[in-house]
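**Student:** Structure incoming, see below.
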Amino acid sequence: MREVPVSVHRVLILGARRRNQGLGEFIAKYFHEQKAVICGIVGTSRDSVEGTCLYLKAQYGFSTRGFTDLAQAIEESRPTVVVIASPNQYHFEHLRVVAQNNLSCLCEKPLFWKDEDPFDPGEVETLVNRFCRNGKLLQLVTQWPCTLDDFYSVYPGANNEPLKRFSMLLAPMSTGKQMVVDAMPHVLSMVHVLTGIGSVKHVTQKIEAGERFKIIFDYIHAGGRLEVHVTLVRSPKSPRPAGYALNGNLVWRTIRMKDYQMFFSVNSGSRVRVSDPLKKLVGRFLVDLESGQPTDKERLIASMTDLNTIVENLKL
Numbered sequence: 006m007r008e009v010p011v012s013v014h015r016v017l018i019l020g021a022r023r024r025n026q027g028l029g030e031f032i033a034k035y036f037h038e039q040k041a042v043i044c045g046i047v048g049t050s051r052d053s054v055e056g057t058c059l060y061l062k063a064q065y066g067f068s069t070r071g072f073t074d075l076a077q078a079i080e081e082s083r084p085t086v087v088v089i090a091s092p093n094q095y096h097f098e099h100l101r102v103v104a105q106n107n108l109s110c111l112c113e114k115p116l117f118w119k120d121e122d123p124f125d126p127g128e129v130e131t132l133v134n135r136f137c138r139n140g141k142l143l144q145l146v147t148q149w150p151c152t153l154d155d156f157y158s159v160y161p162g163a164n165n166e167p168l169k170r171f172s173m174l175l176a177p178m179s180t181g182k183q184m185v186v187d188a189m190p191h192v193l194s195m196v197h198v199l200t201g202i203g204s205v206k207h208v209t210q211k212i213e214a215g216e217r218f219k220i221i222f223d224y225i226h227a228g229g230r231l232e233v234h235v236t237l238v239r240s241p242k243s244p245r246p247a248g249y250a251l252n253g254n255l256v257w258r259t260i261r262m263k264d265y266q267m268f269f270s271v272n273s274g275s276r277v278r279v280s281d282p283l284k285k286l287v288g289r290f291l292v293d294l295e296s297g298q299p300t301d302k303e304r305l306i307a308s309m310t311d312l313n314t315i316v317e318n319l320k321l
């Protein structure tokens, strides 16, 4: 089992206070627990960053500096890692600045999104290549694959079966196209881990009652075809419903709110404790950073290409 590295990394975080469904606050917490120095945070206004600095000190016990400009924050706080947990419409410009400064990056999903411009796969490749050429690590915050070990503890034989169908339920706060942009990267991260990189085909949708709809597509990969069923339901409050199934082997994610402990529940009524997947993801990022793991260019590009294929084939 890989161990968390002992090097002290300096981490700068954009969007370090939880707003709606953002994870920046918890990412900051887990980097701090791994002995990283939170050397700064970046927000939209002086008042907001000052308030966030006070909140993080009271909640998690660490002090940091607040900035409203990313370039200035990098120059003055000297990070080794930048976390982008800002809204996805700002990711592209933030990623360009991080790449220009030759830094590693952990970025909230999706990598970026531009509603106003046509999708350009070359733009994605050019951006990712900048991190690759610099020898810097770029990864996405897609934590659901970190739950697979716990899933297989519930269904021990499931990883020995040929995977024919994958289903997932997610409940983002957003609506319409943004709901898909917010949620689908989680689905695709699971698909990519389970099958390897392939291509999305035959996208269909079904509108159900209320703000709930299904997206169905085939994922064609080297081992064959995976049938993917995604149910999205808008849920403005936590804890939001979530779960997934491999070949019909279903787990529901439940959360004990007093300590935010996660569980997998099954239809029989039993449940198992789930290790916090976001904490795992941060730990693995640090291990990969320390060991010189290269950026997975193919997976990052596939995450954007597959997401765009799905969005383009939906009527939203």
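Under my numbering, the first residue of the sequence shown is numbered 6, with each subsequent residue one higher. Idealized CB from N, CA, C, for every residue including glycine.
1) Going by DSSP, what residues sit across from Phe218 in a beta bridge?
2) Going along the chain, which residues of its own chain have a beta-carbon closer than 7 Å to the beta-carbon of Pro282, five neighbours each way excluded?
3) Would DSSP call Asp331 helix, strand or coil?
4) Jot down the residue ranges of each uninterrupted alpha helix (DSSP H) in the segment 158-216, minimum 4 residues, whole runs only, in chain order.
5) Less than 8 Å separating the beta-carbons of Ala169 and Glu232?
6) Rounded to the nearest angstrom, how far is the Cβ of Ala90 from that of Leu142, given a contact under 8 Å?
7) Is the beta carbon of Gly274 sitting closer than 8 Å to the one on Arg258?
8) Return the chain-ordered list of same chain residues with a C-beta closer than 8 Å to the C-beta of Ile306, the five sequence neighbours on each side being excluded.
9) Check each candidate in His96, Arg22 and His14 and name the one with the smallest Cα separation from Glu38.
10) Tell me the rounded alpha-carbon separation between Phe117 and Leu145.
11) Could you give the distance in angstroms between the alpha-carbon of Val186 and the alpha-carbon of Gln94?
12) Quick check on Thr152: does DSSP put it in helix, strand or coil?
13) Three or more C-beta pairs closer than 8 Å, one from the segment 236-251 and one from the segment 173-188: is that the case here?
**Tutor:** Let me spell this out:
1) Note: Phe218 sits in a beta bridge opposite Ile212 and Leu237.
2) Short of 7 Å from the beta carbon of Pro282, and not among the five residues preceding or following it, lie these beta carbons of its own chain, in chain order: Gln148, Trp149, Cys151 and Thr152.
3) With the chain covering 6 to 321 only, the question about residue 331 has no answer from this structure.
4) For secondary structure counted as the alpha helix (DSSP H) over 4 or more consecutive residues, the segment 158-216 holds these complete runs in sequence order: 181-200.
5) It is worth fixing the name first, because residue 169 is Lys in this sequence and not Ala. Yes, Cβ-Cβ distance for Lys169 and Glu232 is below 8 Å.
6) Not really, about 17 Å apart at Cβ, beyond 8 Å.
7) Judged by beta-carbon spacing, Arg258 lies beyond the 8 Å limit of Gly274, meaning their Cβ atoms are not closer than that value.
8) Excluding its 5 nearest sequence neighbours in each direction, Ile306 has C-beta neighbours in its own chain below 8 Å: Pro126, Val129, Glu130 and Val133, listed in chain order.
9) Considering only alpha carbons, the answer is His14.
10) Straight-line Cα distance between these residues: approximately 10 Å.
11) Taking the straight line from one Cα to the other gives about 11 Å.
12) For Thr152, the secondary structure class from DSSP, reduced to helix, strand or coil, is helix.
13) Judged by Cβ distances under 8 Å, the segment 236-251 makes contact with the segment 173-188, as three or more pairs qualify.
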